[in-house]
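K.L.:
Positions in the sequence shown are counted from 1; adding 250 to them yields this note's numbering.
Have a look at the structure that comes next, please.
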Amino acid sequence: MIPEPLAVGIGAALGALLRFAAQGILGAGMWPLLAVNLLGSFLMGRLRPGPFWGTGVLGGFTSFSTFASLTLAPSLTVGAAYAALTLIGCVGAWLLGDLL
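So this is what it looks like as C-alpha cells:
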C-alpha cells in the first residue's frame, strides 16, 4: 500500500499534467482556467473521491494560485467579476455534482 502523502503527490502530478493538456486544447487565460476549475469542482462533488483522486488528481487539475493571480486583471471590474464568477460558479458546480 502506498503511503497517503505519496499517493496525493502522484495524483497531483497527474492532475497538473491533465490541466496542461486541457490548456493545450482550450488555450491559456481566464476563461479556459474557469472551465477547468468548474469541471474539477463538479467532479469533486459528483465523485466524492478519496485522497488520490480528490486531493491529488483533482487538486492538481484545478488551480487556485493561477485563479488568484488572474483576479489582478488590468481592470478592477474584470478582476472582481472573474473572482465572483469563479467562486460562485465552483461552489455551484460542486453542489450540482453532489446533487446528481
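C-beta: ideal position from N, C-alpha, C; glycine also.
How many Å lie between residue 343 and residue 285 at the Cα?
P.N.:
Spanning the two alpha carbons is a distance of roughly 11 Å.
K.L.:
Can you name the start and end residues of the alpha helix (DSSP H) that residue 281 belongs to?
P.N.:
Unbroken alpha helix (DSSP H) run through residue 281: 280-297.
K.L.:
Is there contact between the stretch 275-284 and the stretch 317-336, where contact requires at least three CB pairs shorter than 8 Å?
P.N.:
Yes: at least three Cβ pairs fall under 8 Å.
K.L.:
With burial defined as no fewer than 16 other Cβ atoms inside 10 Å of the residue's Cβ, what is the status of residue 291: buried or exposed?
P.N.:
Looking at its Cβ environment, which holds 16 or more other Cβ atoms inside 10 Å, residue 291 is buried.
K.L.:
State the DSSP-derived secondary structure class of residue 301, mapped to helix, strand or coil.
P.N.:
In this structure, residue 301 counts as helix in the three-state DSSP scheme.
K.L.:
Can you tell me the Cα-Cα spacing of residue 341 and residue 302, whole angstroms?
P.N.:
Cα to Cα, the separation comes out at about 21 Å.
K.L.:
What number of angstroms, rounded off, separates the C-alpha of residue 298 from the C-alpha of residue 274?
P.N.:
Distance between the alpha carbons of residue 298 and residue 274: 27 Å.
K.L.:
Below 8 Å between beta carbons: does that hold for residue 329 and residue 288?
P.N.:
Taking 8 Å as the Cβ cut-off, residue 329 and residue 288 do not qualify as a contacting pair.
K.L.:
How is the alpha helix (DSSP H) around residue 275 delimited, first residue to last?
P.N.:
Per DSSP, residue 275 belongs to the alpha helix (DSSP H) from 254-276.
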